[in-house]
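In the numbering used here, the protein residues as written are 2 to 294.
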């Protein structure tokens with residue numbers, strides 16, 4: 002791209018999407034202070050942004066999916082009017098999740114790829130304040146776990162702090178063995194509204210997952226405790242789990258569809274209507290349990 006692009010000081014929209022040969026942007030592009038849209042989608046060889054990008058004070062849209070951009074200059078966190086950002090890498094050698102803290106106007110879809118090395122990285126996830134991103138419609142979070150098993154066991158769930166979340170898929174958590182009450186934000190003495198807008202929840206290919214902690218009988222009867230009140234669909238595939246949290250599922254009063262596939266122990270317990278666990282699912286209108294072989 003020619004350096005002279007910086008002379009177009011009144012330019013508001015610049016579409017570079019699909020430019021497979023573009024490897025870097027000239028620093029002069031930062032002279033375009035009226036620029037509102039910088040579309041970099043599918044610039045598959047582009048690996049970095051100009052250091053002076055924080056000078057684009059009017060930038061609102063930065064589609065950057067299908068690029069190689071791992072690092073975004075620190076001044077990026079000043080883009081409080083930014084509405085579109087498709088991909089964000091976080092972790093050592095890239096960006097801090099805290100850069101997203103003030104970007105509460107983000108909307109549409111965002112994919113986070115987070116490299117987790119230790120406890121400090123886990124705690125930093127809260128710094129993004131994802132719960133304030135109320136305009137987000139789709140959020141994909143990929144964790145690249147490089148922690149030791151001890152550190153990993155101490156991770157805290159922050160997913161329940163996303164009150165606008167409507168769909169959640171937990172995929173290939175190979176070291177997940179126990180899912181505790183903190184997943185829903187339930188702690189002793191607290192009465193949260195866990196996942197208030199979640200409609201679909203799926204667990205897929207968690208081969209070590211053996212237990213999902215249920216709520217207590219007292220909590221089930223407490224009318225002030227609301228858990229997944231909008232949940233309509235719950236799916237399990239390729240999981241080692243042997244029993245479902247029955248009280249919790251009854252608390253999810255809108256649940257309409259439960260599907261179990263390729264999960265030997267769940268199938269064994271629930272596949273027949275006269276099986277030991279079937280009665281606990283009788284309140285769910287549509288239950289599909291694939292036979293275990």
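All C-beta atoms in this analysis are idealised placements derived from N, C-alpha and C, irrespective of residue type, glycine included.
The DSSP-derived three-state label of residue 204 is strand. The stretch 41–55 makes contact with the stretch 17–26; the number of CB pairs closer than 8 Å reaches 3 or more. Note on geometry: alpha-carbon atoms of residue 131 and residue 137 lie some 9 Å from one another. Excluding its 5 nearest sequence neighbours in each direction, residue 257 has C-beta neighbours in its own chain below 8 Å: 233, 234, 285, 286 and 287, listed in chain order. As summarised for the stretch 38–99, the continuous beta strand (DSSP E) elements at least 3 residues long and confined to that stretch are 38–40 and 88–91, given in chain order.
Less than 7 Å divides the Cβ of residue 91 from the Cβ of residue 98.
When the beta-carbon positions are compared, residue 64 and residue 40 come within less than 7 Å of each other.
The secondary-structure analysis by DSSP pairs residue 140 across a beta bridge with 111. Rounded to the nearest whole angstrom, the C-alpha separation of residue 13 and residue 135 is 26 Å.
DSSP, read as helix, strand or coil, puts residue 292 in coil. Distance from residue 112 to residue 88 at the Cβ level is roughly 5 Å; contact confirmed, criterion being Cβ atoms closer than 8 Å. Beta-bridge analysis with DSSP links residue 180 to 213. In the three-state reduction of the DSSP assignment, residue 103 falls in the coil class.
Taking all protein chains in view, the Cβ of residue 253 is crowded by 16 or more other Cβ atoms within 10 Å, so the residue is classified as buried. DSSP places residue 241 outside both helix and strand once states are collapsed to three, so it counts as coil. In the structure shown, the three-state DSSP call for residue 227 is strand. For the pair residue 175 and residue 267, the Cα-to-Cα distance works out to about 18 Å. Secondary structure note for residue 283: it is in no beta strand (DSSP E), with a DSSP letter that is neither H nor E. Here residue 179 is exposed. Its C-beta has fewer than 16 other C-beta atoms within 10 Å. Closest option to residue 10, judged by alpha-carbon separation, among 29, 206, 165 and 101: 29.
Taking the C-beta atoms as reference points, residue 228 is found nearer than 7 Å to residue 195. The beta-carbon distance between residue 221 and residue 248, rounded to whole angstroms, is 4 Å. This is short enough to meet the 8 Å contact definition.
In this structure, DSSP gives residue 14 an extended state, which the three-state scheme calls strand.
Using a 10 angstroms sphere on the CB of residue 32, the tally of other CB atoms reaches 16 or more, which defines it as buried.
Between residue 246 and residue 213, the C-beta gap is smaller than 7 Å, which places the two residues in contact. Minimum Cα-Cα distance from residue 203 among the listed residues 66, 71, 259 and 231 corresponds to 259. Taking a C-beta distance under 7 Å as the contact criterion, residue 100 and residue 78 qualify as a contact pair.
Using a 10 angstroms sphere on the CB of residue 96, the tally of other CB atoms reaches 16 or more, which defines it as buried.
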